[in-house]
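Report on the structure given below.
Chains as they are written, first to last, in my numbering: chain A, 131 to 274; chain B, 5 to 275; chain C, 107 to 453; chain D, 41 to 321.
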């Protein structure tokens, strides 16, 4: 039951760096919160902000997007596009009332398993602090 | 309590048949004791829970009516889900709906069945019906066109029809294909080549919109009158019972007043 | 013949409160300057507007989003139909055109072998208390559609606003039940009958409309139309719907949702083929459906002359005017044919 | 007005245009409506004043398909809108004769239109001929956006949720927007079905977020979406918030420069990571 109360996080990770980083975190046995759901995408440039919107509407407490570090994109420039899109999407979400701390966008390389674990823990901590505030956007109408 | 007709009954998939690379047939049996007695040309609404429903022609009904078959071409989101279904899975079924081919009125006539691709599906019950009542009908000709040999459906049936002396079967593919020794050419061209005379014939055409259009044109060129040419129309259908509104051609609803029409019953733009 | 009964305007609240003990009473409220129907509550200010409000009555019988079945997402098949609501209800303050709209809906949903039982139960539980119009608003043109603004046809109870009181009359047995109230006093006089103006947007006959299918005029008529769906959502007789599944947290519902023939997605099929791709074809479908197809199907054209489509149109494009423009074109065509026997240049 | 009619007559006479898209006062009703003017037709009814609210650019794609040369009367905001369409190659500039008119503001429902408050240019940035005074350009302030930004997240959501709840999903906003021209809109898409078709808060929220996002860096603030909305949802607020964001983040003002690509289709290696918010090493 304890897990139920933990904030739910959706992590959208690029296949080449961040997902590999998450994998490394797992194989290296770094501890990171179990409440992170991972979606693998080929590249952070594949992340359509509609995915982030949908995650909030479907009730996730926080959304995290991570790709290769600038300059390291497997496809050359995907993450530069991602950076711009996410910057704009973030502004829009904040504008309609999503708390800025509910979004976390970063770069994690395949070697940074430790960083992945740290980022997840930090993000979860932040979201725990928000547990008293309203989960805006989250749909309330249940199919009853 | 009376329930709204839009809610389907559960049915079980008894058998899955891979017909061609993107078409699968499903033999369905209703969970309840009700039987689906679909007349040739009628259709059912099939649902996958969570993904909505779509319209499929009943392409075969077992003799005792306990189960029936639909053929599904992978096109949109629902058919994709259906293609993932396996034997034993449950789906929802409503129907059968719509009118049917006037097979009784055709007694004594020669029948020409012209199908293109998945368009053969709604026509197969007519062939089944004629074969069951062979003495009631005259000659039976079947023209079936597919894009490539890999798109040919109902191979088992085609084999039986091929060997049936009372049936003339012409199978054709659109463009030459390695290893294909049969007829090549699109259906309208084949119809012209065969120079089918109207005589005492009735033609039934079904296939993609463009194929219907040109086949009808070819038949008209061969002096066929519109009341001898039948087709089953496809439109986006949803409710199947003439309420949701989207399948109208003029004042007629395809789902309620159709889907079977002879050409003199529908305006030209419906083709 | 029952008599007209008088209800003092000061007694209205007591009268409604008494009704609300037994019935679910729906009355118009003014919210943010717009009228809408809601369940009667004594502490809310309500009133009856003189003529139609911009929301059509169809929402009360055939809601925008209507669950028809429920299911559990993890099971392969668990679809259970939803039960119909049968709590008795009064809808008070509809106008004659609203009633005509409901009668049209009956033809779609009830008069066929495939009855919509959810709609039927909504109808059965509802007593229609209609208000006779005292004026015709700017967009009203029901007189062109064969209706009379102060006709009580189809209502269970009819009432009219007169000076500082209302006059009520029970029209059906169900309606007379409502009339059993200490606040209503029988009187001899009936509300005054008026003469109503006509001829604002007269239209041609359905048969003549049918001949317009291939006319060039559709491009002209659709040119300024956005093909958004708002006129169909506001229309009391536009009842097209979509059946779709919606799910959330393991539970799902199969719902019917209003759909609009003006939207491009309406008749797009799997695979991308769209039978009504151009705005012209969609405008044509709606126009002919209102003025011709509906008549051929149900013996009644489906425009009640309520004028809501004009009220809500983002471009203030008038749908009835469009019908009138079309009728004009029909007349012109006839004239040119009758005159010279030759086809006019425009054809 | 006289100058405009004279210019248009001249264009027709020289064969520079086949048709002109402009505003016409209906002599019968006195209403001002968008109209297609042909040579020697109805030109005397052509008007240009504060009643000419509608953005005519939305009609251009249909017209350029029918005629080879189309003239168009442009306010400042409409000109920006045209610029966004040109830069996206939706319309070929060679087919357009842009008639920029010095605009003094328009009125909606008898009041000065909200969009005029934030108007950065009274003259179209794209013109072949300029009629009337060219006023000075200024930077928009977006005071209403700033008001919202001062609220707490929960307050903002309360504000928007109330409006989203009301949306009927008639898609008038999409249909009137010159920049919304996808063959299949994401809202109509079946697979994946991002946005449920029924009009309820969650699905409406998705629709309004994606609508605003898809216009980020492309919306030239013609304000038509908000004007046509039957439920008066403040869509301009969201558009403006993103216009402001795009300017702050990338220094771009959509539509002001007909050569500049939308910021979300180009990339820059120089963008600082801080634009994504949060901490980055």
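By construction, the Cβ of each residue, glycine as well, lies at the ideal position given by its N, Cα and C atoms.
Can you tell me whether residue i is helix, strand or coil according to DSSP?
i	result
residue 169/D	strand
residue 266/A	coil
residue 165/C	helix
residue 152/D	strand
residue 158/A	coil
residue 427/C	helix
residue 185/B	coil
residue 269/D	coil
residue 321/D	Confidence is the limiting factor: at residue 321/D the pLDDT is only 34, short of 50, which leaves the residue's position unreliable, though a coordinate-based value still follows. Residue 321/D falls in the coil class under three-state DSSP.
residue 44/D	helix
residue 150/A	helix
residue 136/C	strand
residue 233/D	coil
residue 212/A	helix
residue 69/D	coil
residue 133/B	helix
residue 5/B	Here residue 5/B scores only 46 on pLDDT, less than 50, and its place in the model should not be relied on; the value that follows carries that caveat. Residue 5/B: coil per DSSP, three-state reduction.
residue 170/B	coil
residue 228/B	coil
residue 22/B	strand
residue 451/C	At residue 451/C the pLDDT is 39, less than 50, meaning the model places this residue with poor confidence and gives no usable figure here.
Just list the residues that DSSP pairs residue i with in beta bridges.
i	result
residue 364/C	347/C
residue 165/B	DSSP, once it has assigned bridges, lists no residue as partnering residue 165/B.
residue 32/B	17/B and 72/B
residue 276/C	263/C
residue 226/D	DSSP output for residue 226/D lists no bridge partner at all.
residue 235/B	209/B and 265/B
residue 257/C	According to DSSP, residue 257/C bridges with nothing at all.
residue 75/D	62/D
residue 144/A	171/A
residue 131/D	Answer is none; residue 131/D lacks a bridge partner.
residue 86/D	64/D
residue 197/D	None, per the DSSP bridge assignment.
With 16 as the cutoff for other CB atoms within 10 Å, does residue i come out buried or exposed?
i	result
residue 176/B	buried
residue 213/D	buried
residue 238/A	buried
residue 144/C	exposed
residue 305/D	exposed
residue 269/A	buried
residue 222/D	exposed
residue 224/A	buried
residue 137/B	exposed
Measure from the alpha carbon of residue i to the alpha carbon of each residue in the options, then state which is nearest.
i	options	result
residue 169/C	245/C, 397/C, 273/C and 361/C	361/C
residue 318/C	389/C, 260/C and 370/C	389/C
residue 72/B	197/B, 128/B, 221/B and 272/B	128/B
residue 417/C	237/C, 245/C, 241/C and 120/C	245/C
residue 237/C	247/C, 275/C, 231/C and 248/C	275/C
residue 126/D	308/D, 300/D, 63/D and 42/D	300/D
residue 240/B	343/C, 298/C and 376/C	376/C
residue 52/C	64/D, 51/D and 102/D	Since the first residue of chain C shown is 107 and the last is 453, residue 52/C is not available in this structure.
residue 122/B	138/B, 34/B, 91/B and 28/B	28/B
residue 187/D	226/A, 261/A and 248/A	226/A
residue 275/B	226/B, 242/B, 225/B and 212/B	212/B
Let me check you understand the geometry: is the CB of residue i closer than 8 angstroms to at least one non-hydrogen atom of the ligand COA?
i	result
residue 279/D	As presented, the structure is devoid of all ligands, the ligand COA included, so that no description of it is given.
### Query
Could you give the uninterrupted runs of the beta strand (DSSP E) lying entirely in the stretch 278-337 of chain C, keeping only those of 3 residues or more?
291-293
### Task
Please specify which runs of the beta strand (DSSP E), each continuous and at least 3 residues long, are wholly inside the stretch 34-118 of chain B, giving them in chain order.
47-52, 56-65, 72-77 and 94-101
### Query
What alpha helix (DSSP H) runs, 4 residues minimum, are completely inside the stretch 100-126 of chain D?
100-106
### Task
Determine which residues of the stretch 143-157 of chain B have a Cβ less than 9 angstroms from any Cβ of chain F, and write them out in chain order.
The structure shown contains no chain F; the protein chains it does contain are A, B, C and D.
### Task
At 3 residues or longer, and completely inside the stretch 163-211 of chain C: list those beta strand (DSSP E) runs for me, N to C.
171-178 and 195-200
### Task
Counting only runs of 4+ residues fully inside the stretch 386-415 of chain C, write out the alpha helix (DSSP H) ranges in chain order.
400-404
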